[in-house]
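The opening position of the sequence shown corresponds to residue 1206 in this note's numbering, with each subsequent residue numbered one higher. Heads up, the beta-carbon is just placed ideally off N, CA and C, and yes, glycines get one too. None of the values given here were measured: they were computed from a predicted structure. Here's the structure we're looking at; comments come further down.
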Amino acid sequence: MMQVLADELADRNRIRVNSLNPGRLRTQMRAEAYPAEDPASLRRPKEITNGYLFLLGPDSADVHGITLDAQSKGATLIQE
C-alpha cells in the first residue's frame, strides 16, 4: 500500500511516502500475545527511534518509496 501511494505521488512536489518496518519489539502487547517468548531477545521501541528520525529529517529529503527495516544492524533500506 505504501508503494502504491509513493508511486501515485511521485510527481508531486515535497510529498514523500516511506515506511518503517519495526519488526518484533519488546512491548506489553507482544508479551501478552507471546508469553513464552524471551523479552530479552527483542529490541526496545526506543532502539529504533533513529529510523523514524531519519525518515522525518533532512537527510532523507531525496528518499521516496522505500521501506526501512529497523531490525537490521545499521537499518537497511528496502527498495520495493
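Roughly how many angstroms separate the alpha carbons of E1213 and H1269, rounded to a whole number?
-> Here residue 1213 is taken as the residue at index 8 of the sequence shown, counted from 1. Here residue 1269 is taken as the residue at index 64 of the sequence shown, counted from 1. CA-CA distance, E1213 to H1269, rounds to 11 Å.
Alpha-carbon spacing of A1266 relative to L1258, whole angstroms | Against the sequence shown, residue 1266 aligns to sequence position 61. Against the sequence shown, residue 1258 aligns to sequence position 53. Approximately 12 Å, taken between the alpha carbons.
Nearest-angstrom Cα separation, counted from A1211 out to G1217 = The residue given as residue 1217 occupies position 12 in the sequence shown. The residue given as residue 1211 occupies position 6 in the sequence shown. First, the residue type needs correcting, since residue 1217 is Arg and not Gly in the sequence shown. When rounded, the distance between both Cα atoms is 10 Å.
I1220 (DSSP reduced to helix, strand or coil) = As a position in the sequence shown, residue 1220 is number 15, starting the count at 1. Look at I1220 here: in three-state DSSP terms it is coil, with no helix or strand label.
Between I1253 and A1236, is the Cβ-Cβ spacing less than 7 Å?
-> The sequence position of residue 1253 within the sequence shown is 48, counting from 1. The sequence position of residue 1236 within the sequence shown is 31, counting from 1. No, the pair does not count as a contact, with Cβ atoms beyond the cut-off.
Skipping 5 residues on each side, what residues in its chain have a beta carbon closer than 7 Å to that of L1225?
-> Sequence index remark: in the sequence shown, residue 1225 carries index 20 (1-based). Within the same chain, L1225 has close Cβ partners G1256, Y1257, L1260, L1273, A1275.
For R1248, which beta-bridge partners are listed by DSSP?
-> Start at 1 with the first residue of the sequence shown, and residue 1248 comes out as number 43. In the DSSP output, where bridge partners are listed per residue, R1248 has L1230.
D1212 (DSSP reduced to helix, strand or coil) | Position 7 of the sequence shown holds residue 1212. Reduced to three states, the DSSP call for D1212 is helix.
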